[in-house]
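*Asks:*
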Amino acid sequence: MRYSKRKKIGIIGLGNMGSAVMRGLAGALAGYDCDPSRARAAGRIARARIAASAAELTRLSDVVIIAVKPKDFAQVAREVSAHAKGKLFITIAAGIRTGTAERLIGSRARVVRVMPNTPALIGEGISAICGGRYAAPSDIAAARGIFSNVGETVVLDEGHFDLVTAISGSGPAYFFYLKEALMETAVRMGLSRDMARKLVSKTALGAAKLLIETGHEPGVLRGHVTSKGGTTEQAMKIFEKAGFKRTVRKAVAAAVKRSRQLSGG
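Sequential numbering of the sequence shown, starting at 2, is according to our numbering.
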């Protein structure tokens with residue numbers, strides 16, 4: 002699904018995620034960032050018009066993607082409020098609920114909340130989407146069309162967003178942590194860092210593709226690798242003794258709790 006190229010899309014906040022979305026989109030684009038050098042750099046890459054302010058960008062756009070840090074959201078909302086009528090606002094600011102965005106922007110703002118993740122930087126993201134009180138089904142479809150340019154999308158109730166933040170939003174860091182541990186172990190036991198990186202990275206990529214393409218449950222695929230009395234079984238016994246799954250559950254629960262705190266829940 003792609004969003005209509007006739008619509009003018011503007012992006013406020015051209016950091017990693019805002020720039021990734023800008024690069025993934027085609028059509029009429031405008032961007033704004035409080036850092037002029039970052040705005041110019043993003044504009045050159047995406048051949049986008051750079052606005053002088055958040056207010057000007059909103060005036061020029063039909064759809065406004067707000068990709069700023071949560072602490073900056075209220076200030077941006079005040080700046081765009083004068084031109085909010087009739088616009089669709091898509092917020093990817095972590096922890097900002099649709100109700101909060103609607104209240105800060107005003108004018109019965111049509112708000113869609115999106116939680117992307119960092120693999121969107123290479124077009125392999127997964128973005129969770131929900132609509133606010135005034136958002137129409139076509140607004141949800143528009144958001145899905147936009148974010149399908151940087152990966153896949155799912156539509157969920159906003160009540161699940163703290164968990165989504167903990168699973169897919171923070172999730173890449175968990176996988177990187179495991180890969181980091183595997184690489185460090187390989188280096189300590191004699192491999193070069195380059196070889197350890199290659200082995201770990203390709204193993205992770207292959208495992209992810211196997212999970213997606215076969216449709217099997219992770220436990221089934223793990224069983225295919227784990228021969229009785231073999232090397233994998235010995236490693237799994239150590240993971241189980243250390244309470245690996247219990248640790249994962251505790252870590253996710255902690256991330257969910259923090260997400261709720263950040264969103265005022």
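The beta carbon of each residue, even a glycine, is placed where N, CA and C say it ideally should be.
(1) Would you kindly work out how many angstroms separate the C-alpha atoms of M2 and R50, rounded to a whole number?
(2) DSSP on T204, reduced to helix/strand/coil?
(3) How far does the alpha helix (DSSP H) with A167 in it reach, from first residue to last?
(4) Rounded to whole angstroms, how far is the Cβ of G11 from the Cβ of D34, which I believe are closer than 8 Å?
(5) Give the list of continuous alpha helix (DSSP H) stretches no shorter than 4 residues that lie fully inside the segment 88 to 147.
(6) Here's the rule: buried if 16 or more other CB atoms are within 10 angstroms of the residue's CB, otherwise exposed. What is D272?
(7) Give the straight-line distance between the Cα atoms of H284 and M237, rounded to the nearest whole angstrom.
(8) Going by DSSP, name the residue or residues bridged to T154.
(9) Ignore the nearest five residues each way along the sequence and tell me which others in R39's own chain have a CB closer than 6 Å to its CB.
(10) Count the other CB atoms, across all protein chains shown, that sit within 10 Å of the CB of R223; report buried if there are 16 or more and exposed otherwise.
(11) For a quick check, are the C-beta atoms of A21 and L89 less than 7 Å apart?
(12) Relative to the alpha-carbon of A142, which residue among G265, V64, R259 and T227 has its alpha-carbon at the smallest distance?
(13) To which residues does DSSP link V64 through a beta bridge?
*Replies:* So, from the listed chains and residues:
(1) As a position in the sequence shown, residue 2 is number 1, starting the count at 1. As a position in the sequence shown, residue 50 is number 49, starting the count at 1. Confidence is the limiting factor: at M2 the pLDDT is only 40, short of 50, which leaves the residue's position unreliable and the question unanswerable from this model.
(2) One-based indexing of the sequence shown puts residue 204 at position 203. It is helical.
(3) To locate residue 167, count along the sequence shown from 1; it is residue 166. Neither: A167 is in no alpha helix (DSSP H) and is coded neither H nor E.
(4) For this step, residue 11 is matched to residue 10 along the sequence shown. For this step, residue 34 is matched to residue 33 along the sequence shown. Contact doesn't hold; Cβ gap of about 12 Å is too wide.
(5) 99 to 106
(6) Residue 272 lies beyond the range of the chain shown here (2 to 266); nothing can be said about it.
(7) Outside the shown range of the chain (2 to 266) lies residue 284, about which nothing can therefore be said.
(8) Counting from 1 along the sequence shown, the entry for residue 154 is found at position 153. S128.
(9) On the sequence shown, residue 39 is found 38 positions in, with the first residue counted as 1. L15, listed in sequence order.
(10) Translated into positions along the sequence shown, residue 223 becomes position 222. R223 should be labelled exposed.
(11) Numbered from its first residue, the sequence shown carries residue 21 at position 20. Numbered from its first residue, the sequence shown carries residue 89 at position 88. It is not a contact, given that the beta carbons lie outside the stated cut-off.
(12) Sequence index remark: in the sequence shown, residue 142 carries index 141 (1-based). Checking every option, the nearest Cα to that of A142 belongs to V64.
(13) As a first step, residue 64 is located in the sequence shown; it is residue number 63 there, counting from the start. V64 is bridged to I10 and L89.
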